[in-house]
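If you use our numbering, the sequence shown corresponds to residues 716 to 894, in order.
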Amino acid sequence: MNPQKQQSIKWLTDALLALMTEKSYEEISITEICSRADLSRRTFYRLYKSKEDILKEYAEALCFDYFELFEKQKNLSLTNVAKIFFSFWINYKGFLLTLHKEKLIHILLFKFNELLPKVYVKYKAHLLETKDKKSIEYVAFYNAGGFWNLLIKWLEDGCKKTPEDMAEVVNEVLNLKKG
Numbered sequence: 716m717n718p719q720k721q722q723s724i725k726w727l728t729d730a731l732l733a734l735m736t737e738k739s740y741e742e743i744s745i746t747e748i749c750s751r752a753d754l755s756r757r758t759f760y761r762l763y764k765s766k767e768d769i770l771k772e773y774a775e776a777l778c779f780d781y782f783e784l785f786e787k788q789k790n791l792s793l794t795n796v797a798k799i800f801f802s803f804w805i806n807y808k809g810f811l812l813t814l815h816k817e818k819l820i821h822i823l824l825f826k827f828n829e830l831l832p833k834v835y836v837k838y839k840a841h842l843l844e845t846k847d848k849k850s851i852e853y854v855a856f857y858n859a860g861g862f863w864n865l866l867i868k869w870l871e872d873g874c875k876k877t878p879e880d881m882a883e884v885v886n887e888v889l890n891l892k893k894g
């Protein structure tokens with residue numbers, strides 16, 4: 716990607732995220748985003764169709780960062796995966812809380828769900844009895860739903876539990892499922 720385009724994307728993203736800490740998402744106009752980013756509306760519309768597109772692109776970048784971190788792990792036990800998951804997302808607590816408050820957290824979940832099956836096939840498929848791609852996707856979505864709902868509950872509770880504590884919660888949930 717050309718550096719100027721990359722810089723414009725960063726400035727527009729930073730502008731929208733900053734504005735979202737000051738006012739509701741619905742109240743933010745394209746003009747305000749451009750003004751804060753010191754870019755023209757023409758530049759905005761060359762890159763995006765809507766302000767939601769900025770959030771989608773940022774969500775995708777975060778998901779790629781998470782999966783990149785995931786891929787570097789040697790220990791892919793459920794406990795460690797849970798610890799990695801919560802350790803990663805706590806770094807974006809403010810953004811997640813804002814998305815949740817604005818009822819936009821689904822944007823991040825949809826991007827996560829879009830990318831997760833590929834990662835799951837690559838790293839977890841060998842642990843499943845089935846090798847059917849569609850079944851593996853169902854398992855991936857099932858697990859993603861559990862993790863995301865725990866993440867939302869954790870956010871609502873103020874992230875008081877550590878990522879290690881949340882990994883234990885995941886273990887407890889799975890033990891309840893077995894019993």
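Note that beta-carbon positions come from the ideal geometry of N, C-alpha and C, so glycine has one too. All values reported here derive from a predicted model rather than from experimental measurement.
### Task
Assign Lys764 to one of three DSSP states: helix, strand, or coil.
Mapped onto the sequence shown, residue 764 falls at position 49. Secondary structure at Lys764: coil, using DSSP grouped into helix, strand and coil.
### Candidates Asn806, Phe825 and Pro878: closest to Glu767 by CA position
As a working note, residue 767 is residue 52 in the sequence shown. Phe825 is the residue among Asn806, Phe825 and Pro878 whose C-alpha sits nearest the C-alpha of Glu767.
### Task
Alpha carbon to alpha carbon, how far is Ile745 from Ser765? Give it in angstroms, no decimals.
Position 50 of the sequence shown, counting from 1, holds the residue named residue 765. Position 30 of the sequence shown, counting from 1, holds the residue named residue 745. Each residue's CA atom was taken as its position, placing Ser765 and Ile745 some 8 Å apart.
### Query
Once you ignore the five residues that flank Leu870 on each side, which residues in its own chain have a CB closer than 8 Å to its CB?
Along the sequence shown, read from residue 1 onward, the residue named residue 870 stands at position 155. Residues Lys808, Leu811, Leu812 and His815 of the same chain have their beta carbon placed closer than 8 Å to that of Leu870, with the five preceding and five following residues left out of the count.
### Query
In terms of residues, what are the limits of the alpha helix (DSSP H) holding Asn858?
As a first step, residue 858 must be located in the sequence shown, where it is residue number 143. Counting along the chain, the alpha helix (DSSP H) containing Asn858 begins and ends at Lys848 to Glu871.
### Task
At 4 residues or longer, and completely inside the segment 791-835: list those alpha helix (DSSP H) runs for me, N to C.
793-805 and 808-816, all fully within the segment 791-835.
### Message
Classify Pro832: buried if its beta carbon has 16 or more other beta carbons within 10 angstroms, exposed otherwise.
### Response
Taking the first residue of the sequence shown as position 1, residue 832 is located at position 117. Pro832 should be labelled buried.
### Task
List the endpoints of the continuous alpha helix (DSSP H) containing Gln719.
Residue numbering aside, residue 719 sits at position 4 when the sequence shown is read from its first letter. Membership of Gln719 in the alpha helix (DSSP H) is indicated by the continuous run Pro718 to Glu737.
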